[in-house]
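Chemist: Here's a structure for you.
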Amino acid sequence: EEFGSSLPSDSMLLDLEKTLMLPLTDGSLRLRTDDEDSSVSEDSFFSAAELFDSLHFEDIPFHLSKPVAAYEEALQLVKEGKVACRTLRTELLGCYSDQDFLAKLHCVRQAFQELLEDESNQLFFGEVGK
């Protein structure tokens, strides 16, 4: 089966949105085709900064003293040549440069190391990845 050839059910999308703590909108309850709703409305988008501001961190065991500290640390590791990958996907993912891609890749790897320490997360990603 080709990647992306089938769309997940609404309930699966809702579960994923809850897991990722993304805000639900009326539009997220209905799947759309690419050519549907071609007009762009600023109301249908939210920025990462708005999402970050809306999150509640009381239940999170750690706080970054500086929100971009992990990214800045990753950039330093990239400059030192300590972040490797098999294939650069800078353009595909819309990154500013190869260094930006590698720094973000490092951050994602670190986040997954943290997430996968919890057995329930291991089970979730195991099921989603099938």
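Take the sequence shown: its position 49, counting from 1, is numbered 123 in my numbering, and each next residue is one higher. Ideal Cβ placement from N, Cα and C applies to all residues, glycine included.
Roughly how many angstroms separate the alpha carbons of Y145 and E165, rounded to a whole number?
Modeler: Looking up residue 145 in the sequence shown gives position 71. Looking up residue 165 in the sequence shown gives position 91. Between Y145 and E165, the C-alpha separation is close to 19 Å.
Chemist: For D192, which of helix, strand or coil comes out of DSSP?
Modeler: Along the sequence shown, read from residue 1 onward, the residue named residue 192 stands at position 118. Here D192 sits in coil by DSSP.
Chemist: If you draw a straight line from the C-alpha of V202 to the C-alpha of L151, how long is it?
Modeler: Within the sequence shown, the letter at position 128 stands for residue 202. Within the sequence shown, the letter at position 77 stands for residue 151. Taking the straight line from one Cα to the other gives about 31 Å.
Chemist: Counting only the same chain and skipping the five closest in sequence on each side, list residues whose C-beta sits under 6 Å from that of V157.
Modeler: Position 83 of the sequence shown, counted from the start, is the residue given in the question as residue 157. Contacts found: L151, L176, H180.
Chemist: Using C-beta distances below 6 Å, list every residue in its chain close to Q173, excluding the 5 sequence neighbours before and after it, in chain order.
Modeler: Against the sequence shown, residue 173 aligns to sequence position 99. V152, listed in sequence order.
Chemist: If you drop the 5 nearest sequence neighbours on each side, which residues of the same chain put their C-beta closer than 8 Å to that of T161?
Modeler: Sequence index remark: in the sequence shown, residue 161 carries index 87 (1-based). Once the five neighbours on either side are set aside, T161 has no close Cβ partner at all.
Chemist: Given a cut-off of 7 Å, decide if Q196 and L190 are closer than it, judged by their beta-carbon atoms.
Modeler: Position 116 of the sequence shown, counted from the first residue, corresponds to residue 190. Position 122 of the sequence shown, counted from the first residue, corresponds to residue 196. In contact: L190 and Q196 (Cβ atoms closer than 7 Å).
Chemist: Does DSSP put L197 in a helix, in a strand, or in coil?
Modeler: Counting from 1 along the sequence shown, the entry for residue 197 is found at position 123. In the structure shown, L197 sits in a helix (DSSP, three-state: H, G or I).
Chemist: Use the C-beta contact count for K178: other C-beta atoms within 10 angstroms, 16 or more gives buried, fewer gives exposed.
Modeler: Residue numbering aside, residue 178 sits at position 104 when the sequence shown is read from its first letter. Burial call: buried.
Chemist: Pick helix, strand or coil for E165, following the three-state DSSP scheme.
Modeler: On the sequence shown, residue 165 is found 91 positions in, with the first residue counted as 1. It is coil, neither helix nor strand.
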